[in-house]
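Report on one structure; see the data block that follows.
Protein chains: 6
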Amino acid sequence: MRRINFINPFGSVAYDEIIQKTLGHYCADGTEMVVTHLENCPPDIDFFYNKHMIEQALYEEVMRSEETGFDAVIVGCLYDPGVRVARELVDIPVIGPLEASFQMAANFGYSTMVLTDHRKAVPYLYDEARLRGQGNTVKGIEAIDWFVKDMIHDRAAVARDVVNLSATAARKLGAETVIMGCTIIAAIYQEYLMEGGKPAEVPILNPNLLALKMAESLADLHQKGAYTLARTGFYMKPYGHFEAEFKRARRIWNASKPDFSSQ
Amino acid sequence: MRRINFINPFGSVAYDEIIQKTLGHYCADGTEMVVTHLENCPPDIDFFYNKHMIEQALYEEVMRSEETGFDAVIVGCLYDPGVRVARELVDIPVIGPLEASFQMAANFGYSTMVLTDHRKAVPYLYDEARLRGQGNTVKGIEAIDWFVKDMIHDRAAVARDVVNLSATAARKLGAETVIMGCTIIAAIYQEYLMEGGKPAEVPILNPNLLALKMAESLADLHQKGAYTLARTGFYMKPYGHFEAEFKRARRIWNASKPDFSSQ
Amino acid sequence: MRRINFINPFGSVAYDEIIQKTLGHYCADGTEMVVTHLENCPPDIDFFYNKHMIEQALYEEVMRSEETGFDAVIVGCLYDPGVRVARELVDIPVIGPLEASFQMAANFGYSTMVLTDHRKAVPYLYDEARLRGQGNTVKGIEAIDWFVKDMIHDRAAVARDVVNLSATAARKLGAETVIMGCTIIAAIYQEYLMEGGKPAEVPILNPNLLALKMAESLADLHQKGAYTLARTGFYMKPYGHFEAEFKRARRIWNASKPDFSSQ
Amino acid sequence: MRRINFINPFGSVAYDEIIQKTLGHYCADGTEMVVTHLENCPPDIDFFYNKHMIEQALYEEVMRSEETGFDAVIVGCLYDPGVRVARELVDIPVIGPLEASFQMAANFGYSTMVLTDHRKAVPYLYDEARLRGQGNTVKGIEAIDWFVKDMIHDRAAVARDVVNLSATAARKLGAETVIMGCTIIAAIYQEYLMEGGKPAEVPILNPNLLALKMAESLADLHQKGAYTLARTGFYMKPYGHFEAEFKRARRIWNASKPDFSSQ
Amino acid sequence: MRRINFINPFGSVAYDEIIQKTLGHYCADGTEMVVTHLENCPPDIDFFYNKHMIEQALYEEVMRSEETGFDAVIVGCLYDPGVRVARELVDIPVIGPLEASFQMAANFGYSTMVLTDHRKAVPYLYDEARLRGQGNTVKGIEAIDWFVKDMIHDRAAVARDVVNLSATAARKLGAETVIMGCTIIAAIYQEYLMEGGKPAEVPILNPNLLALKMAESLADLHQKGAYTLARTGFYMKPYGHFEAEFKRARRIWNASKPDFSSQ
Amino acid sequence: MRRINFINPFGSVAYDEIIQKTLGHYCADGTEMVVTHLENCPPDIDFFYNKHMIEQALYEEVMRSEETGFDAVIVGCLYDPGVRVARELVDIPVIGPLEASFQMAANFGYSTMVLTDHRKAVPYLYDEARLRGQGNTVKGIEAIDWFVKDMIHDRAAVARDVVNLSATAARKLGAETVIMGCTIIAAIYQEYLMEGGKPAEVPILNPNLLALKMAESLADLHQKGAYTLARTGFYMKPYGHFEAEFKRARRIWNASKPDFSSQ
């Protein structure tokens, strides 16, 4: 059995249910997936200051996941927030849905693109595509122009926009598939399909789903001793003096962590 | 249960056993993997004329795999021979170990490289890295300078070369991990590890293993209706007149297929 | 005198005449060009399975061309089918019209693009542009959306589409010239010009013509001992054991080659 | 008069003096530069967890700089920590020495490279070079293999290593200049030069100095109303609901900020 | 005090006044900027033959600038005419406004583009963007389709076109800022702003201004001994025999220089 | 018959004979090639100031070539000096040996590199490779470290260096062929071969030869009305007012052209 923690990196319970609802069906035999969210951080991640504060809370949750026996974690936001830093901290696989989507996209079509929520995210994703896209096959990034906090309240409108805008964007950019560039939009669209909605004309890749599959694969390898992260460069872990310093920093942060529960 | 056909794209039984031996342990619960090889084609794939003739035989085997109920196929050679053409022909996932390795490599380290068998393969893999590698993180291609047909008979020497040359090559190119650029070398090295051999200094990615995990993931999605290949461009299927023509061509090939059993 | 074999890589006589008619005029003094086609393969190349089967037949024709004293061969399709594999097999120059067009395009304008027949070919040509285009000056690929087998029967419509769509596409992509991305469209357009048709607004590069000139150049160098292909890497020839194996494979294929003449 | 805050993004006073000493001489007429450091964060930045925690403290310092009338800030570490997020928060220019060095390097030679402190930083800087380097003229990244906390205590050895390794690395990579890839190494080398040390054979770019000049330029433009950051995409500021949320998050962080002064 | 020569690389006095008028306000304390133009060359630079002849005259002016004590020169045209050759000739900084704009653009927004005067310049600037743009953030080049000699006589129309076309072009290309791709258009637009004109919707970068700031920075470094150009490669100076030859060539050119004053 | 002017872009007769001697043998039937050099310019082109002055003289020679009935010109130096500007001026093909070598290299091997004369040329050629090289297959640039004026007097040493250094450089860079990066070195090496010298281990591409073949091809097309340069962008010709201005500039230059014959 493999245990996977799908962490919604938002200081809000609002998105947990829809993720569980739309993803649970696709778990492989032997997968136990829990969907959690964060405390001690803002409810939304759209702006970078919030993203940064959320990531600090996320690192704790990732480390706790390893300590409590999870075999892999998924960070459930298309910014892949904190994914690479978190890998410095734990030995279990840490999966970002954007990276997983870029990695698996070529199995679904020759080329792809990202249709994200808001246009502030477009340049960020463009950089990610350059650093992590496969070959030159990510044809571009477009935005549907919704913020996450609004879309959860008007799911029908979001699904309708996905259906219409994904085909238009794919045609404009010459992409054969579309990565749904927001985990919540992806879940809303998946729910729409589960309720019998008509699919978009272009194949839409659900990043939650691809992250789940990548997490299962790496969790298996991890359990069988075949997953090790290179620790000689980018993912070098603090050692000696630096390890002590890291532990102190973690302790201090936990002692003083921001309290978002109060008004 | 998912059924996966690992096809050794060689007209030879010589490599089936070692693949089964070194890969079976890593199958997930619910995976039934069979290891097969081809008929009606040359025994080796090192030169491009042979590779082409092998691919023609491979297409038949891939189509037969779909017809007999496999959920995914793996084409077991680092040239990923015929992988993209085969996707034109069937609706089940077709996995190439090189592509799967490029896709999953970032989970094992910031950057990677390929250490292949013979130097004839180096430029071919360099092109593949450009078309399918992630970002700019494939640092280069080096060769260990063995041909497949020789290495199967001197496995200890091959494993020794892998251990020594992978660390040297990674240092030279500044790569954090090494993709073992030949499915047979990878299997030999895996066998060496299983027999207690000391691992190389640098993390070595076994492409067979990564192909297996990618195949399991996509087989699951396929079984649950979440795997569809875009058919509007590169992977468009023959239709109308072209479908009839394709069926005739296949029939003719099968009627006259080269007989490699004699001599 | 230099002898050049322009091979139409189709199992059909349908295209030979128009190539001869539209290309003969441009042969240099001392060039003898014959236009041939293939047997033992499908009539069309649009889908990749057919392309593969055609290439197998093509290799025979290329090898026979060398054996019968040709100084160069041209493979007359914009996929450049089998060009690189064929170079493994013979010592005479093997020319692909797409590669020749990419190579000579900068002499006709700062930048170029490809206007191909059908949209299935677009991603294939995009990869070719990346691997073989000059600098970053291939601005993109567009399709005119005809299949080869249809266009030969409605040449006026094809020529009209070329005139209209090439200017539109060049403007859209910011390209100064257009490579006509199909040898048959190119021939139809050339015939249209020979019959007094009004040229497109943008300079159109005829890949047949550029392939012919490249073939003449390399044939000359070959005759004077100044053409040798590097055999140490990508184009290494089978040797020793592998040469014997290659000869056997060729013999077996010839003994059993598919018979497309029958119904 | 322009006021510039050079922030050492370390929770330590150890580096302030050497920066002031080696940079003050180069201030233009009318520049008042203060060198500060951070509280509420770890003393070193080498590992990414620390870097993240430092950045959170840095944002406060950057916002305070704007509130107290600075015309520009420099974030004094070659990771350019927090530079892009900080630009979301303030309207004064925020300068990163790595980005400034990439931007100005072409004035010092055709090509450049980065010689950084420790090899963990190499892949990080490689990504930065791709995202922010000019053309293809950043030839690579090498490490001198010192951690910042050690080098401050053995300055002579550091300067000696700079002199020797920069020439070797530039020759190896074919770079005409070397960006000193650590603000503290750069300061130590500058101090060595001020004390009469013999310069390295290859021109070494001091990122502190280039950041200072860039800060002066942008501070001038800011004072004269000619500096505005595009707020429509990447640097969009929180507005409406998001602005309120941002202010609350900042308030909460300040109320609970980690206390690094205690044991 | 730093002395800067802003050279209008045109054989015409027509543009000096507007540059002085629109740039003087932005000089830092201690900057003395003079605006000059060339003799012995054509009045316009739009076509490459003229550009070449202008560059020959420019080299003299750059060398004279160094000889008469200027601390930096700016070559005031977006072709950056002669900038790199001029660096071979003198030890003071030579600034091109296009390069300076590419270098400083990231301080004004995530991405940029160039809006130039005439479409002949578009491919030239596209090459420059590839060789000298930062990262991949120059999104493209568009033309406003005016020639310099015409625009000076209809400034209102030029300013109106800038306001309208810059927003359109930025939207089309997905650029967050626009580099005004002609020093004279930039000056006309600046004058329009100074006379109370409403700014364009997208931030427009004035290359004259960015060149001025870069010149001031490098002039300061030059005065304090911290500016040296690498002389081991691209910018190697003629020495020994070659120095004598260079001096003779310069002498001969000065003795026979073209006389453009006559009819 | 096609007439080709091979222009040695040096103000010296020193190189004409060796070019004629080593190239004449390869002319196709019907080719009349003359080898000329320039007046009114320096004897050497190694430094950029000289190169610029030489180019001005070259434009005259190119225009005169068209006026006197040549069908194509070759500019015989690996800098391809003035090639692109010259295309603005005439309607006959203008061939640069570097560009022709990049264009034809893939016919001789998978990848290539340039081995040039002096290291000052290395970065210049690196830029050219990026702008004009095919795909990513130009593996790098190395220098043999001779200046042209010296090598003509010690041909044996030059040939020996070519033989030794080309193999070393190709191995280091992983290139399958070597473009001899100097027309004079290429001629010296060709002469050495003609005198029975043992070839280098790696195929060496003679740029003179490839330029000749490209010139013949384009001259043929030009004669038959199939060569036209796109005049809508980069190669737009001066028209209207600009044409008059161009003619005046040319007239003035001719009236005052530098006199290099005198002491």
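Protein chains in written order, with my numbering: chain A, 1 to 263; chain B, 1 to 263; chain C, 1 to 263; chain D, 1 to 263; chain E, 1 to 263; chain F, 1 to 263.
The beta carbon of each residue, even a glycine, is placed where N, CA and C say it ideally should be.
Asked	Found
Alpha carbon of Met194(E) to alpha carbon of Arg64(D), nearest angstrom	32 Å
Cutoff 9 Å: Gly133(D) Cβ touching any chain E Cβ	yes
Cβ-based burial, His52(C) [other Cβ within 10 Å; buried from 16]	buried
Residue span of the alpha helix (DSSP H) that contains Arg231(B), given as start and end	From DSSP, Arg231(B) is part of no alpha helix (DSSP H); its letter is neither H nor E.
Exposed unless 16 or more other CB atoms sit within 10 angstroms - verdict on Asp59(D)	Reading off the sequence, residue 59(D) comes out as Tyr, not Asp. Tyr59(D) comes out buried.
Beta strand (DSSP E) runs wholly inside the segment 126 to 162 of chain E, at least 3 long, in chain order	138 to 143
DSSP three-state assignment for Asn40(C), whether helix, strand or coil	coil
Partners in chain F for Ile252(E), counting only beta-carbon separations shorter than 7 Å	Pro258, Asp259, Phe260
Interface residues of the segment 79 to 100 of chain A facing chain D [CB-CB below 7 Å]	Val85, Glu88, Leu89
Proximity of Val35(A) and Val62(A) at Cβ, strictly below 9 Å	no
Glu176(C), DSSP secondary structure in three states	coil
Backbone secondary structure at Asn50(D) - three-state DSSP	helix
Where Tyr110(E) meets chain A, residues with beta-carbon distance less than 7 Å	Pro123
Contact belief for Gly140(E) with Met113(E) at Cβ below 8 Å, rounded distance in angstroms	5 Å
Arg3(E), enclosing beta strand (DSSP E) - first and last residue	2 to 8
Nearest neighbour of Ala249(F), chosen from Tyr235(E), Asp44(E), Lys21(E), Ala28(E) [CA to CA]	Asp44(E)
The segment 215 to 233 of chain A contacting the segment 195 to 204 of chain A, beta-carbon criterion three pairs below 8 Å	no
Contact list for Tyr239(A) against chain B, beta-carbon separation under 9 Å	Going along chain B, no residue has its Cβ under 9 Å from Tyr239(A), so there is no contact; the nearest lies around 17 Å.
Neighbour list for Asn208(F) in chain B, Cβ cutoff strictly below 7 Å	Near Asn208(F) there are no residues of chain B at all, since even the closest Cβ is about 27 Å away, more than 7 Å.
Proximity of Leu212(C) and Met33(C) at Cβ, strictly below 9 Å	yes
Span of the alpha helix (DSSP H), counted from its first residue to its last, around Val73(A)	From DSSP, Val73(A) is part of no alpha helix (DSSP H) but of the beta strand (DSSP E) over 72 to 75.
Residue span of the alpha helix (DSSP H) that contains Leu212(E), given as start and end	207 to 223
Short Cβ contact (9 Å threshold) for Ala186(D) with Pro207(D)	yes
Proximity below 9 Å, CB of Gly109(E) to CB of Leu229(D)	yes
Chain-ordered neighbours of His52(A) on chain D, where CB pairs are closer than 7 Å	Glu55, Gln56, Val85
Proximal residues of chain B, C-beta to C-beta of Ala249(C) below 9 Å	Cys41, Pro42, Tyr49, Asn50, Met53, Pro258, Phe260
is_contact[Asn107(F), chain I] using C-beta, thresh 9 Å	Although the question refers to chain I, the structure presented lacks it and instead comprises the protein chains A, B, C, D, E and F.
Secondary structure of Ile18(E), DSSP reduced to three states	helix
Nearest-angstrom Cα separation, counted from Asn40(D) out to Ile7(E)	51 Å
CB of Val138(A) within 9 Å of CB of Ala105(A), strictly	yes
Proximal residues of chain D, C-beta to C-beta of Arg3(E) below 8 Å	By Cβ distance, chain D contributes nothing, its closest Cβ being about 14 Å from Arg3(E), past 8 Å.
Interface residues of chain B facing Asp46(C) [CB-CB closer than 7 Å]	Phe242
Span of the alpha helix (DSSP H), counted from its first residue to its last, around Thr68(E)	That residue, Thr68(E), is in no alpha helix (DSSP H); it is neither H nor E in DSSP.
Residues that DSSP places opposite Ile95(E) in a beta bridge	Ile74(E)
Residues that Asn136(A) contacts on chain C, provided the C-beta gap is smaller than 8 Å	Arg130
Rounded straight-line distance, which links the Cα of Arg155(B) to that of Asp161(B)	10 Å
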